[in-house]
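J.: In the numbering used here, the protein residues as written are 52 to 285.
Beta carbons: idealized from backbone N, C-alpha and C, even for Gly.
One structure coming up, written as structure tokens, with questions to follow.
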Amino acid sequence: MENSLEQSPEKRKLSISIFIPLMFVVLLWLVFIIQWSTRADFYKYGILPRHVSGLAGIVFTPFIHGSWDHLFSNSIPLLILGSVMIYFYRDIAYKVFLWIWLADGLGVWLFAREEYHIGASGLVYGMVGFVFFSGILRRNRKLLALSLVIIFLYGSIIWGILPFLIDISWEAHLFGLLAGIFFSVYYLHRGPSDDPVPEWMEEVDEDHDQEHPPDTIQMNTDFLPEKEEKDNEL
52 MENSLEQSPE
62 KRKLSISIFI
72 PLMFVVLLWL
82 VFIIQWSTRA
92 DFYKYGILPR
102 HVSGLAGIVF
112 TPFIHGSWDH
122 LFSNSIPLLI
132 LGSVMIYFYR
142 DIAYKVFLWI
152 WLADGLGVWL
162 FAREEYHIGA
172 SGLVYGMVGF
182 VFFSGILRRN
192 RKLLALSLVI
202 IFLYGSIIWG
212 ILPFLIDISW
222 EAHLFGLLAG
232 IFFSVYYLHR
242 GPSDDPVPEW
252 MEEVDEDHDQ
262 EHPPDTIQMN
272 TDFLPEKEEK
282 DNEL
């Protein structure tokens, strides 16, 4: 009973970390279902670079997708990366997410090709950049391991920033990634500094120590490192 009470704050933290990104993804799906069922052209609410009317797209672009595939390809990374950011960087996660959103959108509006840019993958690139570089720069064992897992899962997205991919908004990917890297440096001294080990992991470590004598050689695990989309879509 005592044990379950001790774990409840950790479970609550995990639940919140998953719930908030999940609600954001659900909202994206609701918007697309409305767009699909009404056959409305929501693309005009995307970012149209260097047009005053396109400034509103900085806010609306992540909610607009060109196809079911486009939406799905962004949904899973948003859920995973959003949960990771809130769980491990809860003090700064929301600020970082909003700054990436704004910086990516502004970069696209200022410098991208003069056509509508839609989708949320700029946010995905931004979160990948933040989580990876933040873990590296903080020299934190657990966050470093997390960084390498993220690269293992999403390392191939680097191809999405190459300018010869004209059927996608590589500009949004590039500015999202740069924003994530920038804010990993800007917020370097905010958020977790020591190892943010979940309680259940501490218990596993304790059990492991009891099972193995002190002279057992232990390895210091460090390392470990997916995908993209289409259609002038972020």
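Within the segment 79-142, note down every full alpha helix (DSSP H) run reaching 4 residues or more, in order along the chain.
T.: The segment 79-142 contains these whole alpha helix (DSSP H) runs: 108-111, 119-139.
J.: What are the partner residues of I209, as DSSP defines its beta bridges?
T.: Looking at the DSSP assignment, I209 forms no beta bridge with any residue, so it has no partner.
J.: Using a threshold of 7 Å, is the CB atom of L174 nearer than that to any non-hydrogen atom of the ligand COA?
T.: The ligand COA is absent from the structure shown, which contains no ligand whatsoever.
J.: Going straight from the alpha carbon of L65 to that of Y138, what length do you get?
T.: In a straight line, the C-alpha of L65 is about 6 Å away from that of Y138.
J.: Using DSSP's beta-bridge definition, name the partner residues of I69.
T.: According to DSSP, which records beta bridges pairwise, I69 is partnered with nothing at all.
J.: Would DSSP call I169 helix, strand or coil?
T.: In the structure shown, I169 sits in a strand (DSSP, three-state: E or B).
J.: Please state if the CB of L174 and the CB of I151 are separated by a distance shorter than 8 Å.
T.: Yes; because the gap between Cβ atoms is below 8 Å, this pair is in contact.
J.: In whole angstroms, what is the alpha-carbon distance linking A91 and M178?
T.: Going from the Cα of A91 to the Cα of M178 covers about 30 Å.
J.: Starting from N219 and walking both ways along the alpha helix (DSSP H), at which residues does that stretch end?
T.: The amino acid occupying residue 219 in the given sequence is Ile; Asn does not appear at that position. Taken as a continuous stretch (DSSP letters only), I219 belongs to no alpha helix (DSSP H), as it is neither H nor E.
J.: Express the C-alpha separation of F123 and K62 in angstroms, rounding to a whole number.
T.: K62 and F123: Cα-Cα distance of roughly 27 Å.
J.: Along the chain, where does the alpha helix (DSSP H) that runs through Y238 open and close?
T.: Counting along the chain, Y238 falls outside any alpha helix (DSSP H), and DSSP gives it neither H nor E.
J.: Are the Cβ atoms of I202 and S134 separated by less than 8 Å?
T.: No, these two residues do not count as a Cβ contact at 8 Å.
J.: When you compare only the Cα positions, how much space is there between S88 and L81?
T.: C-alpha separation (whole angstroms): 10 Å.
J.: What's the call for V147, buried or exposed, on a 16-neighbour Cβ count within 10 Å?
T.: Classification for V147: buried.
J.: Residues in the same chain with beta-carbon distance under 7 Å from P214, minus the five sequence neighbours each way, listed in chain order, please.
T.: W221, listed in sequence order.
J.: Alpha carbon to alpha carbon, how far is L99 from H224?
T.: Each residue's alpha carbon lies about 16 Å from the other.
J.: Please tell me whether Y140 and P243 are closer than 8 Å, where the distance is taken between their beta carbons.
T.: In contact: Y140 and P243 (Cβ atoms closer than 8 Å).
J.: Quick one: any contact between the segment 97-112 and the segment 153-167, if contact means 3 or more CB pairs under 8 Å?
T.: The segment 97-112, when compared against the segment 153-167, does touch it at the 8 Å Cβ threshold.
J.: Note down the Cα distance separating R190 from L130, rounded to an integer number of angstroms.
T.: Their backbone Cα atoms lie some 25 Å apart in a straight line.
J.: If you measure between the beta carbons of S172 and F183, is that distance less than 8 Å?
T.: Not closer than 8 Å, so no.
J.: Around the C-beta of M74, are 16 or more other C-beta atoms found within 10 angstroms, so that it is buried, or is it exposed?
T.: By the 10 Å Cβ count, M74 comes out exposed.
J.: Are G105 and Y176 close, meaning C-beta to C-beta below 8 Å?
T.: Taking 8 Å as the Cβ cut-off, G105 and Y176 do not qualify as a contacting pair.
J.: I'd like the list of long-range same chain contacts for K95, defined as Cβ closer than 8 Å, with 5 residues on each side in sequence excluded.
T.: So the qualifying residues of the chain are Y167.
J.: Report back the beta-carbon spacing between V159 and F226 to the nearest angstrom; my notes put them in contact at under 8 Å.
T.: Indeed they touch by this definition, with Cβ atoms about 6 Å apart.
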